[in-house]
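Report on the structure given below.
Numbering (this note's numbering), first residue to last: 86 to 384.
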């Protein structure tokens, strides 16, 4: 069992699995922001945008149940507000409710047919459900609206590979690499991530947290950074936020045993023994040799 208790992700690989719409990490004033938005919701109960804003803040702090409730309230307040359904869909997917996520994202796509990210999220979800031809259609639609989205090309490449379209898959992955090479943010995110890993090795959790946060501000779909930030937040006692980061990592990269293991530690510390057991079991199934997965413990 490693001394830090939780398992850090390894150094950055060339193409980490992509995510979704992620929001900025919780700021020092995050609690005050949530309280202010709660007051705004009381004053403006029919304002869908305020409900979505509160939902995103609650999501950052790991209060998923309340966040999803706010997204549902937003959709109820304004049934034509695509952002409400899009945020609800992403949140449900991160909680493992793929059918619910699909329904919400389909509503968002109907309301905002020209929104590239909504089609990307829909394609991402369909791929997670194994509905590959439909996923390909949505991803292609997203790229027709936003041709420079490396994440959409990456998921499209994975989808095409699974359907046996190897030549088309290779073309999509080549486009990912081309876009990454031309992206200054991508290079800076990798630099910050690797700095975070170095600081972890020195035991400097504060500097590691800052570096992983900067990496995610530049590249919100950086699964490994979410995994490591989960562990750092857990050590800092921010259990709910830690759980949120691990769920974001798993949504991006469902085969990451370390993310499941760290989630198990966080859930265990949060008092959810049953969910922790399931997370540890997933980690063990994905990697039977993962150090620590046999005898989980809270750091």
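Positions of the beta carbon are idealized from the N, C-alpha and C atoms, including for glycine. Note that the structure is a prediction, hence the values are computed from the model and not measured.
- Scanning its chain for C-beta atoms nearer than 6 angstroms, with the 5 sequence neighbours on each side dropped, one finds around residue 155 the residues 136, 139 and 140, in chain order.
- For residue 278, the closest of 304, 222, 192 and 263 by C-alpha to C-alpha distance is 304.
- A Cβ-Cβ distance of about 14 angstroms is found for the pair residue 317 and residue 354, leaving them out of contact under the 8 angstroms criterion.
- Here DSSP, grouped into helix, strand and coil, assigns residue 190 to helix.
- Taking C-beta separations shorter than 7 angstroms and ignoring five residues to either side along the sequence, the partners of residue 123 in its chain run 139, following chain order.
- DSSP, reduced to helix, strand and coil, places residue 202 within a helical segment of the structure shown.
- Counting only unbroken stretches of 4 or more residues, the alpha helix (DSSP H) elements lying wholly within the segment 214-243 are 217-230, in sequence order.
- The Cβ neighbour count for residue 233, taken over all protein chains shown within 10 Å, is under 16; the residue is labelled exposed.
- Here the alpha carbon of residue 149 sits roughly 7 angstroms from the alpha carbon of residue 143.
- For residue 194 and residue 240, the gap between their C-alpha atoms comes out near 18 angstroms.
- Selection 118, 145, 158 and 302 evaluated against residue 132 yields 158 as nearest (Cα-Cα).
- Of the other Cβ atoms in all chains shown, fewer than 16 fall within 10 Å of the Cβ of residue 270; this residue is therefore exposed.
- For the 8 angstroms CB-CB criterion, residue 310 and residue 300 form a contact.
- The beta carbon of residue 330 sits closer than 7 angstroms to those of 311, 314, 315 and 318, all from its chain and outside the five residues before and after it, given in chain order.
- Listed in chain order, the non-local C-beta contacts of residue 253 below 6 angstroms within the same chain comprise 245, local neighbours out to five positions each way being set aside.
- Membership of residue 341 in any alpha helix (DSSP H) is not indicated, and neither H nor E is assigned to it by DSSP.
- Going by C-alpha positions, residue 176 is about 31 angstroms away from residue 266.
- At a Cβ-Cβ threshold of 8 angstroms, residue 226 and residue 183 do not count as neighbours.
- With contacts defined by Cβ atoms closer than 8 angstroms, residue 173 and residue 196 do not form a contacting pair.
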